[in-house]
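Under numbering that gives the first Met the number 0, the first residue of the sequence shown is numbered 0, with each subsequent residue one higher. Ideal placement from N, C-alpha and C gives every residue a C-beta, glycine not left out.
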Amino acid sequence: MQHIPAELKSWLYASGSLTQQLTDLADGKFMVQPVKEHFQRLNFIDAKWMKMPYQHTSWVRESYLYGCEEQPWVKAKSIFPILSLQQRARIFKHIGTKPIGFFLFQRTNPACERRVIWLEDGWTRQSCYTWHGCKFIVQETFLESFEQYLQKQHSAG
Numbered sequence: 000m001q002h003i004p005a006e007l008k009s010w011l012y013a014s015g016s017l018t019q020q021l022t023d024l025a026d027g028k029f030m031v032q033p034v035k036e037h038f039q040r041l042n043f044i045d046a047k048w049m050k051m052p053y054q055h056t057s058w059v060r061e062s063y064l065y066g067c068e069e070q071p072w073v074k075a076k077s078i079f080p081i082l083s084l085q086q087r088a089r090i091f092k093h094i095g096t097k098p099i100g101f102f103l104f105q106r107t108n109p110a111c112e113r114r115v116i117w118l119e120d121g122w123t124r125q126s127c128y129t130w131h132g133c134k135f136i137v138q139e140t141f142l143e144s145f146e147q148y149l150q151k152q153h154s155a156g
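This is how it looks when you write it as structure tokens:
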């Protein structure tokens with residue numbers, strides 16, 4: 000069993016906008032680099048979590064989030080069931096390099112269920128949001144480069 004590093008724990012369990020939190024940490028610098036956008040069927044675990052039909056098609060956006068360094072800090076993956084894209088969440092399909100958090104937390108505080116897991120790339124938080132009646136998952140994996148940055152900040156601080 001992997002042990003969650005102390006400096007990462009607060010990030011994994013923080014509420015609110017990760018976009019804003021990373022921007023604050025990086026003195027105003029923040030960038031989204033979309034890597035892949037595609038349609039894919041929901042896996043059984045995600046479908047059950049969102050109370051959606053298993054094998055329901057979803058639109059998936061994968062991207063890297065950058066702070067004030069050359070290396071990405073977070074690997075993000077957002078899973079939008081087609082049912083949600085037919086409602087207000089359809090805006091997320093066309094945001095390009097804008098962060099999801101910019102829209103998600105604009106004048107709203109969406110309901111959020113969270114789970115924290117270890118994946119191949121690092122510690123990951125998965126959030127199932129309910130936003131204007133639409134359900135979707137935002138998965139954020141904190142990469143080693145982010146952990147190293149936090150350690151540098153901690154030892155300098």
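Per DSSP, what kind of secondary structure is residue i in: helix, strand or coil?
i: Gln138; result: strand
i: Ala110; result: strand
i: His153; result: helix
Alpha helix (DSSP H) containing residue i: first to last residue?
i: Gln85; result: Counting along the chain, Gln85 falls outside any alpha helix (DSSP H), and DSSP gives it neither H nor E.
i: Gln19; result: Leu17 to Leu24
i: Met51; result: Premise fails: Met51 is in no alpha helix (DSSP H) and is neither H nor E.
i: Ile99; result: Ile99 to Leu103
Roughly how many angstroms separate the alpha carbons of residue i and residue j, rounded to a whole number?
i: Leu7; j: Tyr148; result: 11 Å
i: Lys35; j: Lys28; result: 23 Å
i: Ile99; j: Pro109; result: 13 Å
i: Tyr65; j: Phe102; result: 18 Å
i: Ser77; j: Ser154; result: 33 Å
i: Leu11; j: Gln20; result: 12 Å
So, is residue i buried or exposed, given that buried needs 16 or more other C-beta atoms within 10 angstroms?
i: Tyr53; result: exposed
i: Ile3; result: exposed
Got a sec: does the ligand NAP put a non-hydrogen atom nearer than 8 Å to the Cβ of residue i?
i: Arg124; result: With respect to the ligand NAP, the structure offers nothing, as it holds no ligand at all.
Pull up the DSSP beta-bridge partners for residue i, would you.
i: Glu36; result: Arg60
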